[in-house]
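Using the working numbering, the letters of the sequence shown correspond one by one to residues 727 to 952. The beta-carbon is built from N, C-alpha and C at its ideal position, and this holds for glycine as well. For clarity, every value in this text was computed on a predicted model and none was experimentally measured. Accompanying notes for the structure given below.
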Amino acid sequence: MQQDVEQIKNDVVTASHIVHQQNLVSAFGHVSARIPGTETFIFPPRTSPALVRLDNLLTLDTEGNQLSGTGRPNTEFWIHARIYKSRPDVQAVCHVHSPNCVALGALGETVRPMHNMAALFKDGVPAFDAITLIRSRELGDAVAKVLGRHRAMLLRGHGANVADRDIRLACMEALWLEEAAGDQLRAMAAGQPRYFTAEELEHVYGQLTTEGGVADRAWEYFTSLL
Ligand SMILES: [Zn+2]
Numbered sequence: 727m728q729q730d731v732e733q734i735k736n737d738v739v740t741a742s743h744i745v746h747q748q749n750l751v752s753a754f755g756h757v758s759a760r761i762p763g764t765e766t767f768i769f770p771p772r773t774s775p776a777l778v779r780l781d782n783l784l785t786l787d788t789e790g791n792q793l794s795g796t797g798r799p800n801t802e803f804w805i806h807a808r809i810y811k812s813r814p815d816v817q818a819v820c821h822v823h824s825p826n827c828v829a830l831g832a833l834g835e836t837v838r839p840m841h842n843m844a845a846l847f848k849d850g851v852p853a854f855d856a857i858t859l860i861r862s863r864e865l866g867d868a869v870a871k872v873l874g875r876h877r878a879m880l881l882r883g884h885g886a887n888v889a890d891r892d893i894r895l896a897c898m899e900a901l902w903l904e905e906a907a908g909d910q911l912r913a914m915a916a917g918q919p920r921y922f923t924a925e926e927l928e929h930v931y932g933q934l935t936t937e938g939g940v941a942d943r944a945w946e947y948f949t950s951l952l
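Pasting the structure below:
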């Protein structure tokens with residue numbers, strides 16, 4: 727278990743650097759990972775994801791208590807805390823300020839799959855409508871409620887949250903969500919996009935999830951760019 731936690735900490739650092747390198751965040755935004763089997767999670771201090779290091783990571787719990795680390799946590803830690811509380815299956819959360827997601831949300835739209843990787847979001851991407859930073863337990867609960875059983879959500883005028891069973895997967899999905907939003911914006915600007923039908927979505931989704939290793943291959947690639 728100890729080794730697992732060390733690996734997870736390494737992955738939190740790498741994922742933080744990837745979302746920064748891919749322009750999903752700049753000075754703000756944060757990536758976290760649950761310590762397996764607990765209601766505690768690894769969380770960065772109040773700094774850019776670009777500046778996250780192994781030696782400045784903190785440990786928090788789902789009630790908002792800081793259990794280890796000397797820095798102060800990013801102020802929106804409640805997003806992570808309350809998603810972990812409401813979703814025992816979730817092992818990692820990426821909170822990003824991805825520009826295409828913000829633009830799409832401002833149009834009253836959400837991600838609707840029209841390219842292959844976006845099929846991972848076939849169950850829908852709900853949107854949190856209130857314009858606010860998520861700096862309270864109550865707002866964290868409200869965000870977790872909108873996320874529900876989905877793997878991604880938009881926050882209008884703010885960004886997106888992605889939550890999944892593995893930190894590498896969640897990080898790649900944050901990238902694919904932003905790519906999907908960008909594709910959709912370009913298609914909408916040019917005309918009427920032809921979105922995947924429910925049948926097409928199921929077909930591609932099956933190909934993406936049964937093949938295995940899709941997120942691992944992407945993680946390997948984006949790690950190589952750091
Ligand atoms: Zn934010």
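Look at the alpha carbon of Y921 and the alpha carbon of F754, and state the distance between them as a whole number of angstroms. 32 Å
Apart from the five residues just before and just after S774, which ones in its own chain have a Cβ nearer than 6 Å to its Cβ? A753
At a threshold of 6 Å, does E802 count as lining ligand 1 (C-beta to nearest heavy atom)? yes
Taking the Cβ atom as the reference point for each residue, do E928 and N826 lie within a distance shorter than 7 Å? no
Based on the DSSP secondary-structure assignment, which residues constitute the bridge partners of P771? P799
Would you report the Cα separation of K954 and G917, rounded to the nearest angstrom? Beyond the ends of the chain as shown, which are 727 and 952, falls residue 954; an answer cannot be given.
If distances are taken between C-alpha atoms only, which option among R943, L784, G883 and T923 comes closest to D849? T923
What is the DSSP secondary structure of M898, counted as helix, strand or coil? helix
Identify whether Q910 lies in helix, strand or coil by the three-state DSSP scheme. helix
Which residues bound the beta strand (DSSP E) around S794? Q792 to S794
Secondary structure of G885, DSSP reduced to three states: strand
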